[in-house]
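K.L.:
If you're matching positions, the sequence shown starts at 127 in the numbering used here and goes up one per residue. Below is one structure. I have some questions about it.
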Amino acid sequence: MQRKIIHVDMDCFFAAIEMRDNPALRNKPVAVGGKPEQRGVLATCNYLARKYGLHSAMASARALRLCPKLVLIPVHMEKYKAVSKVIYRIFKQYTPLVEMLSLDEAFLDVTHCEHCHGSATLIAKTIKQRIKKELNLTASAGVATNKFLAKVASEWNKPDSLFVITPEQVDAFLKQLPVTKIFGVGQVTAKKLHAMQVVTCEDLQQISLEQLVAHFGKMGARLYELSRGIDHRPVEPDRVSKSLSVEETFAQDLESYELCVSKLPTLIKRLNKRLQRVSDLIIYKQFVKIKFADFKRTTIETTTDHLDEELFTQLLQIRWQQWNKSVRLIGVGVRFKNCHR
Numbered sequence: 127m128q129r130k131i132i133h134v135d136m137d138c139f140f141a142a143i144e145m146r147d148n149p150a151l152r153n154k155p156v157a158v159g160g161k162p163e164q165r166g167v168l169a170t171c172n173y174l175a176r177k178y179g180l181h182s183a184m185a186s187a188r189a190l191r192l193c194p195k196l197v198l199i200p201v202h203m204e205k206y207k208a209v210s211k212v213i214y215r216i217f218k219q220y221t222p223l224v225e226m227l228s229l230d231e232a233f234l235d236v237t238h239c240e241h242c243h244g245s246a247t248l249i250a251k252t253i254k255q256r257i258k259k260e261l262n263l264t265a266s267a268g269v270a271t272n273k274f275l276a277k278v279a280s281e282w283n284k285p286d287s288l289f290v291i292t293p294e295q296v297d298a299f300l301k302q303l304p305v306t307k308i309f310g311v312g313q314v315t316a317k318k319l320h321a322m323q324v325v326t327c328e329d330l331q332q333i334s335l336e337q338l339v340a341h342f343g344k345m346g347a348r349l350y351e352l353s354r355g356i357d358h359r360p361v362e363p364d365r366v367s368k369s370l371s372v373e374e375t376f377a378q379d380l381e382s383y384e385l386c387v388s389k390l391p392t393l394i395k396r397l398n399k400r401l402q403r404v405s406d407l408i409i410y411k412q413f414v415k416i417k418f419a420d421f422k423r424t425t426i427e428t429t430t431d432h433l434d435e436e437l438f439t440q441l442l443q444i445r446w447q448q449w450n451k452s453v454r455l456i457g458v459g460v461r462f463k464n465c466h467r
């Protein structure tokens, strides 16, 4: 039986909620993020702001230079979480197989759903209508036979779109699909593929599995399958994060190891608070992430069977001795052994 998968992605979620709650913002470039003086970054921005080249994870200071009239709003996470819970409840009324990827994005497996005469397209349309009616927000949805294609479809005509890829359309659709649309293909992989004269999935289909694995390792096998529309990953309703971390970007660069270490207690306290919500998961690694003043990044981790605060200090010391340069951001986190509840 062909699966019926829907991918729902809310449109500029945080910014859309702020515009909904303050209609005066609707015709203005709006972003949600941290303060520029504290080296904050954008969490998201509306489509008007994107016309100026703004995007998520962009430094707020740069965003304001590109768009001086930008309305920058602080993150109101509790409000966004409350809206996300309502959206999740809507999803669950159509299928128990809902995999939330984030507050504003989810996969739904409606293969055996009897609503809307079993039509995945009608279910997606109905969900979009309910989100609009009940929350006054828009969502984009993609419908296909697997997660990869459904996600690509949801992004195809954003915002407020519904795009369907039927089984009969898959081959033709993939022929013209840029390889940059494949999940996991970032700038480095795209550059390598372009050097091999691979621009579309049709180009990628001409390369053997052996060649792709030789060039890209495990990712090569993934490229081989996805370029052919093959994705057997199930929708996992009990999926939880494989890791949990907290981080802080500092208003002033940290110039010494002592200053870096002094920031750890606050970060560890925040991490412990978040870990209390997932106490049933088993920790098997701890890690420290550092971003330097020149924006280079490094992560160091070690194996452990419990949270050991002293390990964070040891990991930080190792990286500081290796790099010994000003630090812009520090993050601490853990990885979990079991990723399902």
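All residues carry an ideal CB built from backbone N, CA and C; glycine is no exception. As the structure is a computational prediction, the values presented were derived from the model and not from experiment.
Identify which residue in K417, K284, R188, D147 has its Cα closest to the Cα of D135.
P.N.:
For the purposes of this step, residue 135 is taken as the residue at position 9 of the sequence shown. The candidate whose alpha carbon is nearest that of D135 is K284.
K.L.:
Could you work out which residue in R403, L330, T375, G179 is closest to F393 when comparing CA atoms only?
P.N.:
Residue mapping note: residue 393 aligns to position 267 of the sequence shown, counting from 1. For clarity, residue 393 is Leu in the given sequence; the question names Phe instead. When only C-alpha atoms are compared, the closest one is T375.
K.L.:
Hey, quick one: how far does the beta strand (DSSP E) through Y350 stretch, first residue to last?
P.N.:
Locating residue 350 in the sequence shown gives position 224, where the first residue counts as 1. Premise fails: Y350 lies in the alpha helix (DSSP H), 344-352, not in any beta strand (DSSP E).
K.L.:
Is V272 buried or exposed, if buried means 16 or more other CB atoms sit within 10 Å of its CB?
P.N.:
Position 146 of the sequence shown, counted from the start, is the residue given in the question as residue 272. Position check: residue 272 holds Asn in this sequence, whereas Val was assumed. So N272 counts as buried.
K.L.:
Give, in chain order, every unbroken run of the alpha helix (DSSP H) that is at least 4 residues long and sits entirely within the region 420-455.
P.N.:
Whole alpha helix (DSSP H) segments, 4+ residues: 435-449.
K.L.:
How close, in whole Å, do the beta carbons of R468 and K411 come, if the pair is a contact with beta carbons under 8 Å?
P.N.:
The chain is shown only over 127 to 467; residue 468 falls outside these bounds and no answer can be derived.
K.L.:
Given a cut-off of 9 Å on the beta-carbon distance, is the pair D329 and V290 in contact?
P.N.:
Numbered from 1 along the sequence shown, position 203 holds the residue referred to as residue 329. Numbered from 1 along the sequence shown, position 164 holds the residue referred to as residue 290. No, they are not a contact pair.
K.L.:
In three-state DSSP terms, what is H466?
P.N.:
Counting from 1 along the sequence shown, the entry for residue 466 is found at position 340. Because H466 sits at a pLDDT of 49, beneath the cut-off of 50, its placement in the model cannot be relied upon, and the following sentence gives the value as read from the coordinates. Strand at H466.
K.L.:
Write down the C-beta distance between L198 and L180 rounded to the nearest angstrom, noting that I regard them as a contact closer than 8 Å.
P.N.:
Counting from one through the sequence shown, the residue named residue 198 turns up at place 72. Counting from one through the sequence shown, the residue named residue 180 turns up at place 54. L198 to L180, Cβ: 10 Å. No contact.
K.L.:
Going by DSSP, what residues sit across from I132 in a beta bridge?
P.N.:
Within the sequence shown, numbered from 1, the residue matching residue 132 stands at position 6. The partner list for I132 (beta bridge, DSSP) reads L234, V269.
K.L.:
If you draw a straight line from the alpha carbon of L338 to that of Q128, how long is it in whole angstroms?
P.N.:
Counting from 1 along the sequence shown, the entry for residue 338 is found at position 212. Counting from 1 along the sequence shown, the entry for residue 128 is found at position 2. When rounded, the distance between both Cα atoms is 28 Å.
K.L.:
If we count Cβ pairs, one from each stretch, closer than 8 Å, do we get three or more for the region 143-163 versus the region 236-243?
P.N.:
Judged by Cβ distances under 8 Å, the region 143-163 makes no contact with the region 236-243, as fewer than three pairs qualify.
K.L.:
With burial defined as no fewer than 16 other Cβ atoms inside 10 Å of the residue's Cβ, what is the status of A142: buried or exposed?
P.N.:
Position 16 of the sequence shown holds residue 142. It is buried - the Cβ of A142 has at least 16 other Cβ atoms within 10 Å.
K.L.:
When the Cα atoms are used, what is the spatial distance from Y178 to G355?
P.N.:
Counting from one through the sequence shown, the residue named residue 178 turns up at place 52. Counting from one through the sequence shown, the residue named residue 355 turns up at place 229. Looking at the two C-alpha atoms, the distance is approximately 34 Å.
K.L.:
I need the straight-line Cα distance from M184 to C327, nearest angstrom please.
P.N.:
The sequence position of residue 184 within the sequence shown is 58, counting from 1. The sequence position of residue 327 within the sequence shown is 201, counting from 1. If you take the alpha carbons of M184 and C327, they lie about 29 Å apart.
K.L.:
List the endpoints of the continuous alpha helix (DSSP H) containing A139.
P.N.:
Residue numbering aside, residue 139 sits at position 13 when the sequence shown is read from its first letter. This sequence places Phe at residue 139; Ala is not what is there. F139 -> alpha helix (DSSP H) spans 139-147.
K.L.:
Any chance the region 361-371 sits against the region 217-232, with 3 or more Cβ pairs inside 8 Å?
P.N.:
As far as the Cβ criterion goes, the region 361-371 touches the region 217-232, which means the pair count is three or higher.
K.L.:
Under 7 Å Cβ to Cβ from Q323, same chain only, skipping five residues before and after it: list those, please.
P.N.:
Within the sequence shown, residue 323 is the residue found at index 197, counting from 1. Cβ neighbours of Q323 beyond the five flanking positions: D329.
K.L.:
Report back the beta-carbon spacing between I132 and I213 to the nearest angstrom; my notes put them in contact at under 8 Å.
P.N.:
Within the sequence shown, residue 132 is the residue found at index 6, counting from 1. Within the sequence shown, residue 213 is the residue found at index 87, counting from 1. Contact flag wrong, Cβ pair sits at about 13 Å.
K.L.:
For M317 and A340, what's the separation of their Cα atoms in angstroms?
P.N.:
Position 191 of the sequence shown, counting from 1, holds the residue named residue 317. Position 214 of the sequence shown, counting from 1, holds the residue named residue 340. Reading the sequence as shown, one finds Lys at residue 317 and not Met. C-alpha separation (whole angstroms): 16 Å.
K.L.:
Under three-state DSSP, which class holds R176?
P.N.:
For the purposes of this step, residue 176 is taken as the residue at position 50 of the sequence shown. Reduced to three states, the DSSP call for R176 is helix.
K.L.:
Tell me the start and end of each unbroken alpha helix (DSSP H) in the region 274-357 that is at least 4 residues and wholly inside, in chain order.
P.N.:
Taking only runs of at least 4 residues, the alpha helix (DSSP H) segments lying wholly in the region 274-357 are 296-301, 313-321, 327-330, 335-342, 344-352.
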